[in-house]
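**Student:** Got a structure here, written out as structure tokens. Questions coming.
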Amino acid sequence: MAYEVKCTFSFFRLLTFAGNAIIAPFAFIYREKVVRLYTNLSFLMDKEKIVKTVKSYISENIPLSGTDKILVGLSGGADSVSLLDILLQLGYDCIACHCNFQLRGNEAVRDRNFAYEMAQKLGVAFYETVFDTNKYAAEKKVSIEMACRELRYEWFEKLRCELEARWIAVAHHRDDSVETMLMNLIRGTGITGLCGIQPVYGRVIRPLLSLSRKDIEDYLAFRQLPYVVDSTNREDNYTRNKIRLHVLPLLQSVNPAVPETIVRTMNHLKEVATVYRHSIAEQKNKVLIKTEEETYIKIEELLQQPSPKALLFEMVREYGFLSSQVDDIWESLEAHSGKEFLSTDYRLIKDRNRMILTSKKKEADVSFEITENMSGINVPVVLKFAFVSNEEHYEIPRDRNIACFDAAKLKFPLIVRHWKKGDRFTPFGMKGSKKLSDYFNDHKYSSIDKEKAWLLCSGDEIIWLMGERISEKVRVKCETKLIFQIICEK
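Now the structure itself:
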């Protein structure tokens, strides 16, 4: 089968095998050109140089052992082909896996076929999957880039577990890390985002971060390994491509060594980040409180810390909030309660002297029925029911989690539900009704407390705010003959 592949072999590469014997006789004629040519070719004369560079990088940055099974992402491009070949050269047990995102028509089919044959050529098992990326992006409301990333890594992890592999290796290299740093810088980021791509993240490893794109192409040329070229790499549709095709060349026109200087800066920032993270962790322990019921930030304690805004950013960043949101969150610290901010999965709510973090997933607008013949329920809360005679003037327990009602005034089935806007009830001891929202505010309920509150209703009447008050309209009086008692065990 024929492929549109790139092989960078040339006549001059044959000189590698001749070495000085061929170059020397012509040195007196083309001294400068020959010296430059020999300098370039001398790199290729040692086929182990790149492999040794990667081996050294792995030993210093990635906890790989010789017996580890590695799942290797194989797109068919230069980076992934070199990654698979180098890991095999180092003796690792590798499995190739390929994703078809159905974004490039026949080119995607070409890539799949090429990746399959490359895996066969290198003697490794091959696994593949096909994604409906456009559908996923539309459903999740994410960019195509993000959809590809989420689909790829979710499948990689699932396959890793099925095949009992220890690691997932992907082919990001030094230039990718530089591009990532610039992307983060443009979008706004913290110190971690300026450190580039990390060699290890969970079970994902990146062994090629010490190599440039040119190193990889030279390696493949010397190994005589072909690779496919993704035509979309030359398009301006994606942010990364714009940086690669336009921003970096412009920077290199000012300083040709920009990639190297950025790498040095990133390496320095990684060390600074270690100290920074240690300091942030100490401050977080004072400010960020996690209990079984909720997670919140103590505002007063936050403001007493050094660089409180930086600390705020680092805390909320872990929950998916963007650097662009931090200014608004910071300003809300002095605002009234109720201000709310959203990330992909979380909400951050200003509540008097704290900021509450909670999942965006709200409980469905559901209700539960209680009939006369039931002895209790376990969902959504644990409730026990009993009818009690009031002939001997039953003494009502003084416990907020035990409610006693005049059974004659109840309309079964009773309903358990959450509160909704406009709800009113008549709290025990009051003559008139009161908005439930006003009751919440008077008793300093947070937004989360309001959402968690359960109500017991009889017909259209709210007869109990569970754990708080019953309604005056159904309270037990001297003339009450039968009491309906509920014990809330939660």
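Residue numbers for the sequence shown follow my numbering, so the first one is 4 and each next one is one higher. Glycine included, every Cβ here is placed at the ideal spot set by N, Cα and C. The structure displayed is predicted, hence computed values, not measured ones.
Is Val-329 near Leu-306, with beta carbons less than 8 Å apart?
**Tutor:** Counting from one through the sequence shown, the residue named residue 329 turns up at place 326. Counting from one through the sequence shown, the residue named residue 306 turns up at place 303. Against a cut-off of 8 Å, the Cβ pair of Leu-306 and Val-329 comes out as no contact.
**Student:** Is Ile-359 helix, strand or coil by DSSP?
**Tutor:** Within the sequence shown, residue 359 is the residue found at index 356, counting from 1. Looking at Ile-359 - three-state DSSP - the assignment turns out to be strand.
**Student:** Given Lys-480, which residues of its chain have a CB within under 8 Å of its CB, disregarding the five upstream and five downstream residues?
**Tutor:** Position 477 of the sequence shown holds residue 480. Only Asp-409 meet the Cβ criterion.
**Student:** Identify which residue in Trp-422, Leu-439, Asp-88 and Gly-199 has its Cα closest to the Cα of Pro-430.
**Tutor:** Position 427 of the sequence shown holds residue 430. Answer by Cα proximity: Leu-439.
**Student:** Would you please state the rounded distance, in angstroms, between the beta carbons of Leu-1 and His-175? I believe it to be under 8 Å.
**Tutor:** A query on residue 1 cannot be resolved here, the shown segment of the chain reaching from 4 to 493 and no further.
**Student:** Have a look at Leu-336 and Ile-302 and give me their C-alpha separation to the nearest angstrom.
**Tutor:** In the sequence shown, counting from the first residue as 1, residue 336 sits at position 333. In the sequence shown, counting from the first residue as 1, residue 302 sits at position 299. Going from the Cα of Leu-336 to the Cα of Ile-302 covers about 7 Å.
**Student:** Identify the residues that DSSP records as bridge partners of Asp-221: which are they?
**Tutor:** Start at 1 with the first residue of the sequence shown, and residue 221 comes out as number 218. According to DSSP, Asp-221 bridges with nothing at all.
**Student:** Could you give the distance in angstroms between the alpha-carbon of Cys-102 and the alpha-carbon of Gln-286?
**Tutor:** Here residue 102 is taken as the residue at index 99 of the sequence shown, counted from 1. Here residue 286 is taken as the residue at index 283 of the sequence shown, counted from 1. C-alpha separation (whole angstroms): 42 Å.
**Student:** Assign Phe-344 to buried or exposed, taking buried as 16 or more other Cβ atoms, counted over all protein chains shown, within 10 Å of its Cβ.
**Tutor:** Residue mapping note: residue 344 aligns to position 341 of the sequence shown, counting from 1. Phe-344 comes out buried.
**Student:** Give every residue of the same chain whose Cβ lies closer than 6 Å to the Cβ of Trp-158, excluding the five residues on either side of it in the sequence, and list them in chain order.
**Tutor:** Taking the sequence shown and counting its residues from 1, the one referred to as residue 158 is at position 155. Here the set comprises Thr-132.
**Student:** Would you list, in sequence order, the uninterrupted alpha helix (DSSP H) runs of no fewer than 4 residues that lie entirely inside the stretch 81-160?
**Tutor:** Segments of the alpha helix (DSSP H) lying fully in the stretch 81-160: 81-92, 109-125 and 136-143.
**Student:** Once the 5 residues before and after Leu-86 are set aside, which same chain residues still bring their CB inside 7 Å of it?
**Tutor:** Taking the sequence shown and counting its residues from 1, one reaches residue 86 at position 83. Val-75, Ala-172, Ala-174, Pro-210 and Leu-211, listed in sequence order.
**Student:** By the three-class DSSP mapping on this structure, what secondary structure does Pro-28 have?
**Tutor:** One-based indexing of the sequence shown puts residue 28 at position 25. In this prediction, Pro-28 scores a pLDDT of 44, lower than 50, which makes its location untrustworthy; no coordinate-derived value is stated.
**Student:** List, from N- to C-terminal side, the beta strand (DSSP E) runs of 3 residues or more that fit wholly inside the stretch 295-350.
**Tutor:** As far as the stretch 295-350 is concerned, its whole beta strand (DSSP E) runs of at least 3 residues are 298-301 and 343-345.
**Student:** Leu-166 and Ile-98 - do their beta-carbons sit closer together than 8 Å?
**Tutor:** Translated into positions along the sequence shown, residue 98 becomes position 95. Translated into positions along the sequence shown, residue 166 becomes position 163. It is a contact, given that the beta carbons lie within the stated cut-off.
**Student:** Since Met-121 and Gly-79 should fall inside the 8 Å C-beta cutoff, what is the C-beta to C-beta distance between them, to a whole number of angstroms?
**Tutor:** If you number the sequence shown from 1, residue 121 lands on position 118. If you number the sequence shown from 1, residue 79 lands on position 76. That belief holds up - the Cβ atoms of Met-121 and Gly-79 are roughly 7 Å apart, short of 8 Å.
**Student:** Counting only the same chain and skipping the five closest in sequence on each side, list residues whose C-beta sits under 7 Å from that of Thr-242.
**Tutor:** The residue given as residue 242 occupies position 239 in the sequence shown. Cβ within range, chain order: Met-186.
**Student:** Between Ala-140 and Leu-77, is the Cβ-Cβ spacing less than 8 Å?
**Tutor:** Against the sequence shown, residue 140 aligns to sequence position 137. Against the sequence shown, residue 77 aligns to sequence position 74. The answer is no: Cβ separation not under 8 Å.
**Student:** Measuring alpha carbon to alpha carbon, tell me which of Ala-411, Ser-450 and Pro-400 ends up nearest Lys-424.
**Tutor:** Position 421 of the sequence shown, counting from 1, holds the residue named residue 424. When only C-alpha atoms are compared, the closest one is Ser-450.
**Student:** Tyr-397 by DSSP, collapsed to three states: which one?
**Tutor:** Looking up residue 397 in the sequence shown gives position 394. Three-state result, Tyr-397: coil.
**Student:** Quick one: Cα of Tyr-299 to Cα of Lys-455, how far?
**Tutor:** Taking the first residue of the sequence shown as position 1, residue 299 is located at position 296. Taking the first residue of the sequence shown as position 1, residue 455 is located at position 452. When rounded, the distance between both Cα atoms is 16 Å.
**Student:** Can you pull the DSSP bridge partners for Tyr-204?
**Tutor:** Counting from one through the sequence shown, the residue named residue 204 turns up at place 201. Its beta-bridge partners are Val-207.
**Student:** Quick one, which of Arg-420, Phe-225 and Val-385 has its alpha-carbon nearest Ile-405's?
**Tutor:** Here residue 405 corresponds to residue number 402 of the sequence shown, with the count starting at 1. For the residues Arg-420, Phe-225 and Val-385, the minimum Cα distance to Ile-405 belongs to Val-385.
**Student:** Give me the residue from Ile-200, Asp-82 and Glu-375 with the minimum Cα distance to Leu-417.
**Tutor:** One-based indexing of the sequence shown puts residue 417 at position 414. Cα-wise, what sits closest to Leu-417 is Glu-375.
**Student:** Drop a sphere of 10 angstroms on the beta-carbon of Lys-353, count the other beta-carbons inside from all chains shown, and report buried for 16 or more, exposed for fewer.
**Tutor:** Taking the sequence shown and counting its residues from 1, the one referred to as residue 353 is at position 350. So Lys-353 counts as buried.
**Student:** For the beta strand (DSSP E) that Val-419 lies in, which residues bound it at each end?
**Tutor:** As a working note, residue 419 is residue 416 in the sequence shown. From DSSP, the beta strand (DSSP E) with Val-419 extends over 417-421.
**Student:** Should Arg-420 and Ser-370 be called a contact, given that it needs their Cβ atoms to be closer than 8 Å?
**Tutor:** Within the sequence shown, residue 420 is the residue found at index 417, counting from 1. Within the sequence shown, residue 370 is the residue found at index 367, counting from 1. Yes, the pair counts as a contact, with Cβ atoms nearer than the cut-off.
**Student:** Nearest by alpha-carbon distance to Leu-413: which of Ala-128, Leu-228, Gln-123 and Ile-373 is it?
**Tutor:** Walking along the sequence shown from the start, residue 413 turns up at place 410. Ranking Ala-128, Leu-228, Gln-123 and Ile-373 by Cα distance to Leu-413 puts Ile-373 first.
**Student:** For Gly-432, count neighbouring C-beta atoms within 10 Å of its own C-beta (all shown protein chains included) and say buried if the count is 16 or more, exposed if not.
**Tutor:** Within the sequence shown, numbered from 1, the residue matching residue 432 stands at position 429. Exposed is the call here.
**Student:** Asp-114 to Val-84, Cα distance in whole Å?
**Tutor:** If you number the sequence shown from 1, residue 114 lands on position 111. If you number the sequence shown from 1, residue 84 lands on position 81. Distance between the alpha carbons of Asp-114 and Val-84 is about 12 Å.
**Student:** Does the stretch 266-276 come within contact of the stretch 197-211, defined as at least 3 CB pairs closer than 8 Å?
**Tutor:** Contact between the stretch 266-276 and the stretch 197-211 is present, because at least three Cβ pairs lie under 8 Å.
**Student:** Short of 7 Å in beta carbon distance, which residues of its chain neighbour Asp-178, apart from the five on each side in sequence? Order them along the chain.
**Tutor:** Position 175 of the sequence shown, counted from the start, is the residue given in the question as residue 178. If we look at Asp-178 and ignore the five residues flanking it on each side, its Cβ neighbours are Ser-215, Arg-216 and Pro-262.
**Student:** What do you get for Tyr-204, buried or exposed, if any count of 16 or more other CB atoms within 10 angstroms of its CB means buried?
**Tutor:** Within the sequence shown, residue 204 is the residue found at index 201, counting from 1. Tyr-204 should be labelled exposed.
**Student:** How many Å lie between Lys-387 and Ser-378 at the Cα?
**Tutor:** Residue numbering aside, residue 387 sits at position 384 when the sequence shown is read from its first letter. Residue numbering aside, residue 378 sits at position 375 when the sequence shown is read from its first letter. Straight-line Cα distance between these residues: approximately 6 Å.
**Student:** For Trp-333, which residues of its own chain have a beta-carbon under 7 Å away from its beta-carbon, when the five flanking residues on both sides are left out?
**Tutor:** Indexing the sequence shown from 1 puts residue 333 at position 330. The residues are Lys-312 and Leu-315.
**Student:** What's the C-alpha gap between Leu-253 and Thr-264?
**Tutor:** By 1-based counting over the sequence shown, the position of residue 253 is 250. By 1-based counting over the sequence shown, the position of residue 264 is 261. Cα to Cα, Leu-253 sits roughly 15 Å from Thr-264.
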